[in-house]
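A.B. asks: Quick one: the structure is below, questions incoming.
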Amino acid sequence: MRQILFLILLSINLLLDAQVPTEVSLQASASTKVVLHVDTPQFVGSGIDRVVEDFSTTLRKDLQNSGVFLLSTSSLADKKNMKERGIDWSLTYIIGETESGYEMKAQVTDAGSLNVIHEVKYQFGVLAIHNYAHILADDMVMWLTGERGSAFSKITFARQTKPGVKELFQMDSDGENISQLTKWGSLTIAPSVAKDGRILYVTYKSGSPEIWGQKSVGGPHEKLFPYDLKDRPAFCSSPIWAPDGRRFAFVLGDAQGRSDIALYDLKTLKVRKLTFNEGINTEPSWNPSGTQIAFTSNRGGGPQIFLMEDDGTNVRQLTFDGAYNASPSWSPLGSMIAFVSRFEGKFDLFIFKLTDGKSYQITTGVSSNESPSWSPDGRSLVFIGSRSSGGAIYRSDLSGASVLPISNLGLCQSPVWSIKN
Amino acid sequence: MFSNRLALSVISTSLLLQLACSKPTPVPVVETVVAEAPVVDMKAAQEAEMKLKLADEVRQKAEQDFQEAKTKAMTNIYFDLDRAIIREQDKSSLQTLANFLRSYPQIKVQISGHADERGTNEYNLALGNKRASATVTYLKGLGIDESRLQSISFGKEKPLCNESNESCWSRNRRAEFTPIN
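Going line by line, the protein sequences match chains A and B. For the first sequence, the residue numbers in the working numbering are -6 to 414. For the second sequence, the residue numbers in the working numbering are 122 to 302.
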């Protein structure tokens, strides 16, 4: 019944968002979540209790972060009583050793009918334990909503390693498996990740800002702009892959202090300016189909969010409330734009719903919250919060009710959430 | 003139003959030459040393003057929140920098624009570029060739301080000057 209630509530929200029928509601709350009981995992074999513990911890964290499940804390001796205890689904899984690694079988039982409604089996090596816990969590979300979750995904970010030096890092969506992507020993910032995993960023390794990235999947990091030294601009920043991965938008600055949005085509090596405005135009963000760009401009005075077509036409202002609105990030399904708004020197996260033309405040805190980026499933935002260790990475659901630290690392900036390949 | 030379020659010859007959060894002549030479070189060396010392003092003074002028000229200037306009109180600093660059025409300068924490990373990079560019434009107006002025923006990536108060924010909203030889 609870599942049906969830789907009904979801459907109501979807009907309200008729333009983009699959985006999740901003007003998700505990009452719309399916209550899930996760059985104590069973295991077969000796010495794999640690594996099972790792798997179980990762899975529970993912399910809690999914935004659609509420984990039951009841201990169940008899499954017949599940419904009376408010439980909708029960997840049972068993992990056993195989010749090459491990095998995991999982089953979901409906608490009302006591029928097994979903089951799956995976085999994996010891290094893939966390990945398969993420994959099972995403399966659970898909079985419930019809769309995969974002547990099996990664977050790329810049972090200060010593004064004046920042490098790029990557980690799983739960903060595990941190790896360093660059070691330029210089200011290296503003990462963007293409759908196929290719990275793009700005580094000052030569003394002035240049855009570097990967032309091919798994390929070396190469200088992409300026292609020719004679084209060296006064300034370049904020590169972001277009959804097709064949071009990127970025900010091109001139000696007069103007900053304009431009496109760079990897095939033709041509730069095309899209804005020709006095002042600052920055922070481009593509819509999912790659036909429009949201950006920040101070053309009306203070910074506000604007939209335009990808050829620079049809420029229109999106935000009007507040003196400083910036950092637009277009949602994966296209109907919302996350941004930050400054009040008394601190930033909070907002979401602009294109379907109703209204802004919704997500965070309200004494600390600053910056650089929002959407989870691949569009149900969460990752951002930089200054709550504790100054520049740590947090996630929030779209209601702002559940704000959680992803990592305790400080001195981080510009997180980008992307699928894992 | 000719008779004097002849007389001198005769006297010298007779003296040499007398010496040759009375004392058989001519060594003293050689000794005189060896003994006198170091006296002449010492003076030259002392003079050369004095000149070198003087030159070194002049060089040191010039270097000291350069360093003092450089320190005075490379003084940060500051900006109001979200603005990139040169403030009245900073114009004398830029005049000092322009004078320095005129005095030392071989020097180029990097002008870096910075911002405080109360802006987004990317917007502040653009704002830093605007601040650096405004500073370049002002120095060009004071007659400094653009080829000697190199602008760069660091936005809020390289703060001087990290406290969240106006005192720190105002220090971070700056243009910094670094000489490039």
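Backbone N, C-alpha and C fix where the C-beta goes; we use that ideal spot for every residue, glycine too. In this text, all values refer to a predicted model and were calculated from it rather than measured experimentally.
Would Q249(A) count as contacting chain C if we go by Cβ distances under 8 angstroms?
C.D. replies: Absence of chain C from the displayed structure is noted, the protein chains being A and B.
A.B. asks: Less than 8 angstroms separating the beta-carbons of K159(A) and T138(A)?
C.D. replies: Not closer than 8 angstroms, so no.
A.B. asks: Is L311(A) near I286(A), with beta carbons less than 8 angstroms apart?
C.D. replies: No.
A.B. asks: Quick one: any contact between the segment 258 to 269 of chain B and the segment 201 to 217 of chain B, if contact means 3 or more CB pairs under 8 angstroms?
C.D. replies: Yes: at least three Cβ pairs fall under 8 angstroms.
A.B. asks: Closer than 9 angstroms between beta carbons: that is the criterion. Which residues of the segment 340 to 365 of chain A meet it against chain B?
C.D. replies: Listed by position along the chain: F340, S361, E363 and S364.
A.B. asks: What's the gap between the Cα of N293(B) and the Cα of F288(A)?
C.D. replies: Looking at the two C-alpha atoms, the distance is approximately 25 angstroms.
A.B. asks: Short of 9 angstroms Cβ to Cβ, which residues in the segment 285 to 306 of chain A face chain B?
C.D. replies: Those residues of the segment 285 to 306 of chain A that come within reach of chain B (Cβ to Cβ, closer than 9 angstroms) are T289, N291, G295 and P296.
A.B. asks: From this set, M195(B), Q227(B), A253(B) and E243(B), which residue's C-alpha is nearest R269(B)'s C-alpha?
C.D. replies: It is Q227(B).
A.B. asks: How about G89(A): is its C-beta nearer than 8 angstroms to some C-beta of chain B?
C.D. replies: G89(A) does not count as touching chain B.
A.B. asks: Just verifying my parser: in three-state terms, what is the DSSP assignment at W177(A)?
C.D. replies: In the structure shown, W177(A) sits in coil (DSSP, three-state: anything other than H, G, I, E or B).
A.B. asks: Residues bridged to H235(B) by DSSP?
C.D. replies: Looking at the DSSP assignment, H235(B) forms a beta bridge with G276(B).
A.B. asks: Please tell me whether A242(A) and P277(A) are closer than 8 angstroms, where the distance is taken between their beta carbons.
C.D. replies: Yes, these two residues count as a Cβ contact at 8 angstroms.
A.B. asks: Determine the extent of the beta strand (DSSP E) in which Y259(B) is found, giving its start and end residues.
C.D. replies: That residue, Y259(B), is in no beta strand (DSSP E); its alpha helix (DSSP H) goes N242 to G262.
A.B. asks: If contacts are defined as beta-carbon pairs under 8 angstroms, then G276(B) and N245(B) qualify, I think. What distance do you get, rounded to the angstrom?
C.D. replies: Rounded, the Cβ-Cβ distance is 4 angstroms, consistent with contact.
A.B. asks: Report the residue from V186(A), R43(A) and V409(A) whose alpha carbon sits nearest the alpha carbon of H214(A).
C.D. replies: The shortest Cα separation from H214(A) among V186(A), R43(A) and V409(A) belongs to V186(A).
A.B. asks: How would you write the range of the beta strand (DSSP E) that N124(A) sits in, first residue to last?
C.D. replies: Here N124(A) belongs to no beta strand (DSSP E); instead the alpha helix (DSSP H) covers I122 to T138.
A.B. asks: Kindly indicate if chain B contains any beta-carbon less than 8 angstroms away from that of Q406(A).
C.D. replies: So yes, Q406(A) belongs to the interface.
A.B. asks: Are the beta-carbon atoms of S233(B) and E178(B) separated by less than 8 angstroms?
C.D. replies: Not a contact, by the Cβ cut-off of 8 angstroms.
A.B. asks: For G157(A), return the contacting residues in chain B, with the cut-off set at a CB-CB distance below 7 angstroms.
C.D. replies: In chain order: K279.
A.B. asks: To the nearest angstrom, report how far apart S334(A) and F340(A) are at their CA atoms.
C.D. replies: For S334(A) and F340(A), the distance between alpha carbons rounds to 5 angstroms.
A.B. asks: Which residues, taken in chain order from the segment 220 to 236 of chain B, show a beta carbon closer than 8 angstroms to some beta carbon of chain A?
C.D. replies: Residues: none.
A.B. asks: What residue does the alpha helix (DSSP H) around F48(A) start on, and which one ends it?
C.D. replies: Segment D42 to N58, the alpha helix (DSSP H) holding F48(A).
A.B. asks: What residue range does the beta strand (DSSP E) around R295(B) cover?
C.D. replies: That run of the beta strand (DSSP E) goes R295 to I301.
A.B. asks: How is L222(B) classed by DSSP in three states: helix, strand or coil?
C.D. replies: Of the three classes helix, strand and coil, the one that applies to L222(B) here is helix, per DSSP.
A.B. asks: So, does the CB of N201(A) fall closer than 8 angstroms to a CB anywhere in chain B?
C.D. replies: Before going on, a small fix: residue 201(A) reads as Ser here, not Asn. Closer than 8 angstroms: yes.
A.B. asks: Straight-line CA distance for C289(B) to K260(A)?
C.D. replies: If you take the alpha carbons of C289(B) and K260(A), they lie about 46 angstroms apart.
A.B. asks: When you compare the CB positions of S322(A) and S389(A), do they come within less than 8 angstroms of one another, or not?
C.D. replies: The answer is no: Cβ separation not under 8 angstroms.
A.B. asks: Hey, is L180(A)'s beta-carbon within less than 8 angstroms of any beta-carbon in chain B?
C.D. replies: Yes, contact with chain B.
A.B. asks: Does the Cβ of P300(B) lie closer than 7 angstroms to at least one heavy atom of the ligand MG?
C.D. replies: Within the structure as shown, the ligand MG is missing, as the structure has no ligands at all.
A.B. asks: Can you round the beta-carbon distance between D418(A) and P219(A) to whole angstroms, since I take them to be within the 8 angstroms contact cut?
C.D. replies: As displayed, chain A neither begins before -6 nor continues past 414, which places residue 418(A) out of reach and without an answer.
A.B. asks: Short of 8 angstroms Cβ to Cβ, which residues in the segment 217 to 234 of chain A face chain B?
C.D. replies: Under the 8 angstroms Cβ criterion, the segment 217 to 234 of chain A contributes A227, F228, S230 and S231.
A.B. asks: Measuring CB atoms only, is the segment 109 to 124 of chain A touching the segment 87 to 96 of chain A, in the sense that at least three cross pairs come out at less than 8 angstroms?
C.D. replies: Judged by Cβ distances under 8 angstroms, the segment 109 to 124 of chain A makes contact with the segment 87 to 96 of chain A, as three or more pairs qualify.
A.B. asks: F36(A) by DSSP, collapsed to three states: which one?
C.D. replies: In the structure shown, F36(A) sits in a strand (DSSP, three-state: E or B).
A.B. asks: Residue range of the beta strand (DSSP E) that R239(A) falls in?
C.D. replies: Segment: none, R239(A) is in no beta strand (DSSP E) and carries neither H nor E.
A.B. asks: Using a Cβ cut-off of 8 angstroms, pull out every chain A residue sitting near D211(B), in sequence order please.
C.D. replies: Per Cβ cutoff of 8 angstroms: no residues; D211(B) is ~16 angstroms from chain A at best.
A.B. asks: Please work out which residues of its chain come closer than 6 angstroms, Cβ to Cβ, to D349(A), disregarding the five sequence neighbours upstream and downstream, and give them in chain order.
C.D. replies: There are no such residues.
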